[in-house]
Amino acid sequence: MTTVTHLPAIQYTVWPADLHGHRYQVKLQIANPDSEGQVLQMPAWIPGSYLIRDFSKHIESIEAYSTQTKKKLLLERMNNDQWRLPKVNGAVEILTTIYAYDSSVRAAYLDTERAFFNASSLCLEVKGQSDLPCSLAIAPPETEFAAHWSIQTTLRSVKTDDRGFGFYLAQNYADLLDHPVAMGEFQLVQWVSNGTPHSMAIQGCIHPVDAKRLSQDLQAICNCTINLFEPKTKQAPFSRYLFLVNAVLNGYGGLEHRDSTALLCRRDQIPQRDTPLDETAYRDFLGLCSHEYFHAWLVKRIQAKAFQPYDLSQRNHTRLLWLFEGFTSYYDDLQLLRSKRIDLQTYLDLVTNNWNAILRGPGRNKQSLADSSFDAWTKYYQTDENTPNAVVSYYGKGALLALGLDLQIRAFSKNQKSLDNLMRLVWQKHGVTLEGIAENGLDDLVLEAIGTDFSKTWNEIKTRYIFGTEDIPIQKWIASKFVSVKTKSSSKLEKIKLQLGMRHTDVNGWLKITHVLDSGVAQSAGLAPGDLLASINGQRITGARIDKVLGSLMEGQNIHFCFYRDDLEHERIASLNPNQLPAQYELIANSAKT
């Protein structure tokens with residue numbers, strides 16, 4: 109334990125004050141506020157999650173005081189997330205009470221079982237002083253519920269007790285926001301990858317976790333990713349890495365940080381001793397870990413120039429999310445294969461599942477990958493009933509693009525180079541240096557990594573598949589004696605569902621339509637999102653019966669729909685048409701070799 113000798117001019121103190129009411133109290137001390145009226149601002153979004161979330165809406169109270177006189181200062185409300193102090197001489201304190209009951213990885217949470225926060229949900233930015241070092245003091249909850257709580261974070265510890273409560277330092281405000289904090293009781297899993305200590309802190313599992321299996325699998329994945337970017341030095345860009353895991357009944361997601369990640373998963377996705385494990389669910393969890401870990405290179409260090417620096421008061425647009433998220437989505441499963449956590453056929457199944465899902469989405473014909481990236485704020489993260497018809501995922505199609513580019517590079521170079529060569533060059537030019545990638549910055553990198561003769565192929569890829577909306581012809585580009593491409597053999601029921609073009613959910617015994625896809629039978633019949641489907645060809649429809657009813661239909665047969673819209677009964681007729689079927693494929697492993 110060391111002693112704090114020189115406290116920074118910006119100091120935050122966080123108290124988990126009200127576990128039952130889910131409220132934090134936060135004190136911000138500013139030694140040298142702007143004498144003309146210091147402006148304070150709460151971030152509107154958090155890096156890595158491209159949606160305006162207005163974290164200020166959770167502030168229940170905010171007050172300011174002169175540190176010297178203890179007199180209350182009048183705070184001017186400038187807008188929903190900005191306040192201005194009056195002209196004042198000397199240090200000031202701002203006290204806030206913040207409601208925190210968001211169990212996602214993006215915000216803050218507090219109850220009698222656990223606490224979690226990203227500083228972007230609790231800590232006001234001191235405008236004009238964001239580049240200054242700042243401290244964060246975390247106080248333990250004063251309740252018996254938290255008697256055994258400890259802290260897990262990668263923020264630099266300066267003066268803390270054996271449970272982690274006490275003082276931490278950050279290089280600046282952006283650094284403070286890049287270290288999530290978890291409190292509570294944890295099961296810890298530890299391993300070393302290429303000389304760098306790694307750990308996973310898990311909350312929410314009922315039984316003891318299988319630490320041996322987790323450490324072996326995660327070590328293999330982390331080793332593989334470090335070696336991808338640094339095949340010579342085999343060194344990670346951080347001194348340690350932490351996976352913060354919140355295991356719940358139902359949830360899934362992750363958010364990347366420079367030397368840690370916050371993960372949300374189901375309890376049954378984590379191996380626990382003396383408990384049956386769904387291997388598919390566990391593989392999905394490892395894929396999530398692989399994805400967020402890869403982001404420590406691609407996103408946290410290799411960044412879009414548009415994000416340097418982040419402006420957390422408004423949307424930051426880039427057309428490169430297909431690179432940052434799509435390529436990461438390609439590598440997350442590929443690293444599972446390379447680390448021997450899955451076999452080749454399992455990997456190919458993951459690829460085809462994504463490929464076929466993209467081909468089933470009408471939105472791919474309307475929105476390009478570049479536009480999908482740019483519009484993430486308003487379309488991808490704000491879905492509605494028309495999203496499948498208007499949007500293509502820069503995650504899914506971006507991963508498919510990475511695969512296609514990898515295949516084209518291998519074909520062009522006669523297997524002397526691959527996408528790995530490009531990623532390593534991008535790392536050296538933009539990750540090691542932290543120089544952001546311009547919107548067209550990948551052009552020169554591709555040609556430098558692969559060769560100028562590749563320019564024709566690259567320009568075609570850009571025109572047709574990144575800025576255009578054409579389907580990526582993976583079926584034409586795969587040329588491997590180890591993998592075969594076939595048209596998927598679908599059952600009669602699967603074909604009917606694809607032709608129907610309808611998504612639904614169960615509501616009080618009714619089948620409620622949630623999405624109607626362009627050019628499907630449901631749309632031609634006039635069905636719409638929100639309709640309650642009553643029957644098909646006179647047969648009552650429920651979630652339990654729909655497969656049986658659809659399975660009784662025949663190609664070319666007229667379908668009589670009976671449904672309710674706004675409590676009024678409607679009837680429509682349409683017919684099945686095999687020409688409405690989207691292309692679907694299978695990838696078959698011919699050999700166990702990779």
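So the mapping is simple: the numbering used here equals the position in the sequence shown, first residue as 1, plus 108. Glycine residues also receive a C-beta, built at the ideal position from the N, C-alpha and C atoms.
Opening and closing residue of the alpha helix (DSSP H) in which residue i lies
i    : result
T333 : 319 to 337
M531 : 527 to 534
Q443 : 435 to 446
V407 : Premise fails: V407 is in no alpha helix (DSSP H) and is neither H nor E.
G236 : Counting along the chain, G236 falls outside any alpha helix (DSSP H), and DSSP gives it neither H nor E.
L136 : Per DSSP, L136 belongs to no alpha helix (DSSP H); it is in the beta strand (DSSP E), 131 to 138.
V459 : 452 to 467
Start and end residues, beta strand (DSSP E) containing residue i
i    : result
W191 : 190 to 192
I644 : 640 to 644
G362 : 361 to 364
P305 : 304 to 311
S592 : 591 to 595
H678 : 676 to 683
L509 : Not the beta strand (DSSP E): L509 falls in the alpha helix (DSSP H), residues 504 to 520.
H623 : 618 to 624
H612 : 610 to 615
L285 : Segment 281 to 285 is the alpha helix (DSSP H) holding L285; no beta strand (DSSP E) there.
Q380 : Taken as a continuous stretch (DSSP letters only), Q380 belongs to no beta strand (DSSP E), as it is neither H nor E.
G274 : 274 to 278
L183 : Taken as a continuous stretch (DSSP letters only), L183 belongs to no beta strand (DSSP E), as it is neither H nor E.
I696 : 693 to 697
R264 : 264 to 268
Q119 : 118 to 126
Anticipated Cβ contact below 8 angstroms, residue i with residue j, distance rounded
i    : j    : result
A630 : M662 : A630 to M662, Cβ: 18 angstroms. No contact.
I517 : K505 : Actually they do not touch by this definition, with Cβ atoms about 18 angstroms apart.
S598 : Q453 : Rounded, the Cβ-Cβ distance is 19 angstroms, inconsistent with contact.
L193 : P141 : 6 angstroms
I558 : N529 : 7 angstroms
T369 : F402 : Incorrect: roughly 10 angstroms between the Cβ atoms, too far for contact.
V134 : T204 : 5 angstroms
P379 : V289 : Rounded, the Cβ-Cβ distance is 26 angstroms, inconsistent with contact.
A199 : Q295 : Going by Cβ atoms, the distance from A199 to Q295 rounds to 42 angstroms, so no, they are not a contact pair.
G362 : V266 : Not confirmed; about 28 angstroms, so no contact.
Proximity to residue i [Cα-Cα], best of the options
i    : options                : result
L458 : R468, S563, L445, L513 : L445
R391 : D376, I580, Y158       : D376
Y418 : Y158, E679, I696       : Y158
A465 : T454, S501, E184       : S501
T304 : L350, M291, V317, L263 : L350
A682 : R518, L695, N666       : N666
T571 : L385, L477, K408, M531 : L477
I329 : A344, R185, P384, D382 : A344
L80  : A355, P384, S521, H668 : Lying before the first or after the last residue shown, residue 80 is absent from the chain, which here runs from 109 to 702.
L555 : R366, L527, A125, F590 : L527
A414 : S398, G544, S307, V499 : G544
Q422 : F275, P151, H114, I654 : P151
H287 : D269, S243, D270       : S243
W191 : R161, V147, C373, I654 : V147
Per-residue burial, residue i [other beta carbons within 10 Å of its own, 16 or more giving buried]
i    : result
F253 : exposed
S228 : buried
E400 : buried
V196 : buried
K600 : exposed
Y209 : exposed
E568 : exposed
T110 : Any reading at T110 is ruled out, since the residue's pLDDT is 42, under 50, leaving its predicted position unreliable.
Q475 : buried
T261 : buried
Other residues of its chain near residue i: CB distance less than 7 angstroms, five sequence neighbours each side excluded
i    : result
F273 : I246, A247, P248, I259
I649 : L619, L641, A642, S643, V657
S481 : T426, R427, L428, L429, W430, Y502
W535 : F337, W405, I410
E694 : T460, K594, K596
I586 : L515, V593
H315 : Q380, R381, D382, T383
E578 : R572
P637 : E493, I621, T622, H623, V624
I450 : R391, L444
Chain-order list of residues whose beta-carbon lies under 6 angstroms from that of residue i (same chain, five-residue window excluded)
i    : result
E679 : C670
S323 : V297, W299
Chain-order list of residues whose beta-carbon lies under 8 angstroms from that of residue i (same chain, five-residue window excluded)
i    : result
P496 : G469, P470, G471, R611, H623, L625
T702 : Annotation note: pLDDT 41 at T702 (below 50); position unreliable, no value reported.
R131 : A125, E168, T205, I206, Y207, A208, L218
C-beta neighbour in chain D for residue i, strict 8 angstroms
i    : result
D392 : Looking at the structure shown, chain D is missing, and only one protein chain is on hand.
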